[in-house]
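Trainee: For the sequence shown, my numbering gives the first residue as 600, with consecutive numbering after it. The structure is given below, and queries will be raised subsequently.
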Amino acid sequence: MPDTKEVIDEANSKETVSEVEFDPAAEKALLWKCDIWVVPILFLLFLLSFIDRINIGNARLQGLERDLNMEGHDYNIALFIFFIPYILLEVPSNLILKKVAPSTWLSGIIAAWGIVTVCQGVTHSFAGLVVCRFLLGAFEAGFVPGCVYLISMYYKRHELQTRINLFFSASIIAGAFSGLLAYAIANMDGVAGYGAWRWIFILEGIATVVIAVASKFIIADWPETAKFLKEDERRLLIARLAADNKGATMDRLDSKSIKRCLTDVKVYLGILMYFGIVNTGYATSFFTPTILNQLGWTEIMAQVMSIPVFVVATVVTLVCAVISDRMRHRYAFTLLGCGVATIGYVILICQHSVSVGVRYMAVFMVTAGGFVAQPVVMAWVSNNMGGHYKRSIASSMQIGFGNSGGLVASNVFLSSEKPGYPTGFGTSLGLVWICVLSCTAFFWWCRRENRIRDAGGRDYRFSLPEMS
């Protein structure tokens, strides 16, 4: 399907853009080098980020609620409080990132949330847990939008989906790793007088701090200053991205540029797209061990049975990412992911009429479907934002405000409704379809802009091909 086109953030004329031909061999070598230096370390750090975010679900099965005298909706409150600072601080964090070296800012907030994770393991009250969850949300707020922003500054738009999905797959693998680690750490119950759930937080938090310190010297900075690039490689990288953007820039932050970002319909559709699908990601990450436990497996066995769910989701997500980039198309893959998740949710809503095996299969479908669509909507919006500041603001707004879907996920799976969780599964299904409708509106908005520009209706300002 042909790409659609976007209005660029700065008024330029087509005559100002020179057609540049690049050496394919040099480009291939440069891409390979970027793939080695940019994405892998961010993948590892996101793995730690998501493990530290969702390990409360594993700790719950190992006695967290019992030891902290939690009852009623206390667990949901502990999940909910994380998202308040997480949502509010994402945009400010990305604006700071524009002014500070990514290696400094990202490694700093990673070390901070690692320390907070350790603190969760030594708290002796529900109030202490809530404070730790609040601080965890504050420090993690800038990580994902910052990484998406950083990755998007190294790759052309049709190269971005595979890299974003590879990065994002860390959050899926985290579900498997978290279950595996919890299974291993469960045997430490009683060591040094600490319950197994405490060791989950303590050991995983210590690992995060250690890797955060090392990451200061590994995380790539902006292309203009990245140490892993030689000068000729730096010039090639900047030139090929400028050619891909056709000269589009929004590299100064003033009232005019802010207005252009805040009045762009695509930004708000992007928020709705992410809001609709992120609920599924958090629901499966926070509650899969509990859901599997309700299917009849023991606490430890439920941790083990969660591992294949996330492994399969990882493979499916990466395969779809590669195909999406090769086709240079996004919309169909959001429909594919949401469609599979819809079938899974319908089965889980009707779970009392089906066998345990079918219900287990439905968990696979919900997880894989949700994680296929989620990174696609992230890359799709980033694809269509020109310049440092607009891309920074748009990605942080999408992920920040869109993460209010996490607020929903943390409050609709009620202990009083287990094992069926009708409110949780029903609400999640509805949110998936908010994503579908928003993606459809985004797609048709792009098509509409295509027709206008093809008719010369946007000739007074510069235009950029937009990924559909």
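Just so you know, even glycine gets a beta-carbon here, dropped at the ideal spot from N, CA and C.
1. Contact between the region 1019-1037 and the region 872-892 is defined here as three or more beta-carbon pairs at a separation below 8 angstroms; is this criterion met?
2. Once the 5 residues before and after F1012 are set aside, which same chain residues still bring their CB inside 7 angstroms of it?
3. If V971 sits next to V915, beta carbons under 8 angstroms apart, how far is it from one beta carbon to the other, in whole angstroms?
4. Smallest Cα separation from E739: which of K1017, A993, G880 and N1002?
5. So A967 and A912 are supposed to be a Cβ contact under 8 angstroms. How far apart are they, rounded?
6. Does the pairing of the region 654-664 with the region 791-807 give three or more beta-carbon distances under 8 angstroms?
7. Alpha carbon to alpha carbon, how far is Y930 from V921? Give it in angstroms, no decimals.
8. Just the Cα atoms here: how many angstroms apart are I686 and V866?
9. Here's the rule: buried if 16 or more other CB atoms are within 10 angstroms of the residue's CB, otherwise exposed. What is H723?
10. Three or more C-beta pairs closer than 8 angstroms, one from the region 698-714 and one from the region 642-652: is that the case here?
11. Count the other CB atoms within 10 Å of the CB of L641; is the residue buried (16 or more) or exposed (fewer)?
12. Using 10 angstroms around the beta-carbon of T807, count the other beta-carbons present and answer buried if the total reaches 16, otherwise exposed.
13. Measure the Cβ-Cβ separation of N693 and S995 and say whether it is below 8 angstroms.
14. Once you ignore the five residues that flank S991 on each side, which residues in its own chain have a CB closer than 6 angstroms to its CB?
15. Is it the case that the Cβ atoms of F681 and L643 are separated by a distance below 8 angstroms?
16. Applying the 10 Å Cβ sphere with the 16-neighbour rule, what's the burial state of T761?
17. Expressed to the nearest angstrom, what Euclidean distance is found between the alpha-carbon atoms of G938 and F909?
18. How long is the line joining the alpha carbons of M984 and E898, rounded to whole angstroms?
19. What is the C-beta distance between L840 and A625, in whole angstroms, given that I count them as a contact (C-beta under 8 angstroms)?
20. By DSSP, does W896 sit in helix, in strand, or in coil?
21. For C1045 and G936, I'd like the C-alpha separation in whole angstroms.
22. Taking the C-alpha atoms as reference points, what is the distance between G1090 and T703?
23. Please report the straight-line C-alpha distance between P639 and A993, rounded to a whole angstrom.
24. Would the beta-carbon of F649 be found less than 7 angstroms away from any heavy atom of the ligand FMN?
25. What three-state label does DSSP hand K833 in the structure shown?
26. If you measure between the beta carbons of F645 and A769, is that distance less than 8 angstroms?
27. Which residue from E1048, P623, F621 and V637 puts its Cα closest to that of F816?
28. Counting only the same chain and skipping the five closest in sequence on each side, list residues whose C-beta sits under 6 angstroms from that of G1055.
29. Thinking Q997 and V980 are a contact (beta carbons under 8 angstroms), I'd like their distance in whole angstroms, please.
30. DSSP three-state call for T941: helix, strand or coil?
31. N983 by DSSP, collapsed to three states: which one?
32. For the putative contact between S884 and G656, defined by C-beta atoms under 8 angstroms, what is the C-beta separation to the nearest angstrom?
33. With distances taken between CB atoms, is the gap from N675 to S1009 smaller than 8 angstroms?
34. Over what stretch of residues does the alpha helix (DSSP H) that includes H757 continue unbroken?
35. State buried or exposed for M926, treating a residue as buried only when at least 16 other CB atoms are found within 10 Å of its CB.
Mentor: Quick answer:
1. yes
2. Position 413 of the sequence shown holds residue 1012. Excluding residues within five positions, the ones whose Cβ falls inside 7 angstroms are A882, F886, Y1020 and G1023.
3. By one-based count along the sequence shown, residue 971 stands at place 372. By one-based count along the sequence shown, residue 915 stands at place 316. V971 to V915, Cβ: 6 angstroms. Contact.
4. To locate residue 739, count along the sequence shown from 1; it is residue 140. Nearest C-alpha to E739: N1002.
5. For the purposes of this step, residue 967 is identified with residue 368 of the sequence shown, where counting begins at 1. For the purposes of this step, residue 912 is identified with residue 313 of the sequence shown, where counting begins at 1. Indeed they touch by this definition, with Cβ atoms about 4 angstroms apart.
6. yes
7. Position 322 of the sequence shown, counting from 1, holds the residue named residue 921. Position 331 of the sequence shown, counting from 1, holds the residue named residue 930. Whole-angstrom Cα-Cα distance: 14 angstroms.
8. Working through the sequence shown from its first residue, we reach residue 686 at position 87. Working through the sequence shown from its first residue, we reach residue 866 at position 267. The straight-line gap from Cα to Cα measures roughly 16 angstroms.
9. Against the sequence shown, residue 723 aligns to sequence position 124. By the 10 Å Cβ count, H723 comes out exposed.
10. yes
11. Position 42 of the sequence shown, counted from the start, is the residue given in the question as residue 641. Result: buried.
12. Along the sequence shown, one-based indexing puts residue 807 at 208. It counts as buried.
13. Residue numbering aside, residue 693 sits at position 94 when the sequence shown is read from its first letter. Residue numbering aside, residue 995 sits at position 396 when the sequence shown is read from its first letter. Yes, they are a contact pair.
14. Position 392 of the sequence shown holds residue 991. Around S991: N693, K697 and Y748.
15. As a working note, residue 681 is residue 82 in the sequence shown. As a working note, residue 643 is residue 44 in the sequence shown. Not a contact, by the Cβ cut-off of 8 angstroms.
16. If you number the sequence shown from 1, residue 761 lands on position 162. Buried is the call here.
17. Numbered from its first residue, the sequence shown carries residue 938 at position 339. Numbered from its first residue, the sequence shown carries residue 909 at position 310. Rounded to the nearest angstrom, the two C-alpha atoms are 18 angstroms apart.
18. On the sequence shown, position 385 is the one that residue 984 refers to. On the sequence shown, position 299 is the one that residue 898 refers to. C-alpha separation (whole angstroms): 45 angstroms.
19. Against the sequence shown, residue 840 aligns to sequence position 241. Against the sequence shown, residue 625 aligns to sequence position 26. Contact flag wrong, Cβ pair sits at about 14 angstroms.
20. Translated into the one-based positions of the sequence shown, residue 896 becomes position 297. Three-state result, W896: coil.
21. Your numbering for residue 1045 matches position 446 in the sequence shown. Your numbering for residue 936 matches position 337 in the sequence shown. Roughly 21 angstroms between the two C-alpha positions.
22. As displayed, the chain neither begins before 600 nor continues past 1067, which places residue 1090 out of reach and without an answer.
23. Numbered from its first residue, the sequence shown carries residue 639 at position 40. Numbered from its first residue, the sequence shown carries residue 993 at position 394. C-alpha separation (whole angstroms): 24 angstroms.
24. Here there are no bound small molecules, and the ligand FMN is not part of this structure.
25. For the purposes of this step, residue 833 is taken as residue 234 along the sequence shown, with counting starting at 1. Residue 833 is actually Arg in this sequence, not Lys. It is helical.
26. For this step, residue 645 is matched to residue 46 along the sequence shown. For this step, residue 769 is matched to residue 170 along the sequence shown. Going by C-beta atoms, F645 is nearer than 8 angstroms to A769.
27. Indexing the sequence shown from 1 puts residue 816 at position 217. When only C-alpha atoms are compared, the closest one is V637.
28. Taking the first residue of the sequence shown as position 1, residue 1055 is located at position 456. Within the same chain, G1055 has no close Cβ partners at all.
29. Locating residue 997 in the sequence shown gives position 398, where the first residue counts as 1. Locating residue 980 in the sequence shown gives position 381, where the first residue counts as 1. With 8 angstroms as the limit, Q997 and V980 qualify as a contact, their Cβ atoms being about 5 angstroms apart.
30. Taking the first residue of the sequence shown as position 1, residue 941 is located at position 342. Three-state DSSP puts T941 in a helix.
31. Residue mapping note: residue 983 aligns to position 384 of the sequence shown, counting from 1. Coil at N983, not helix or strand.
32. In the sequence shown, residue 884 corresponds to position 285, counting from 1. In the sequence shown, residue 656 corresponds to position 57, counting from 1. The Cβ separation is near 7 angstroms, so the contact holds.
33. Within the sequence shown, numbered from 1, the residue matching residue 675 stands at position 76. Within the sequence shown, numbered from 1, the residue matching residue 1009 stands at position 410. Taking 8 angstroms as the Cβ cut-off, N675 and S1009 qualify as a contacting pair.
34. The count along the sequence shown starts at 1 and reaches residue 757 at position 158. It spans R756 to I784 - the alpha helix (DSSP H) in which H757 sits, taken as one unbroken run.
35. The residue you call residue 926 lines up with position 327 of the sequence shown. So M926 ends up on the exposed side.
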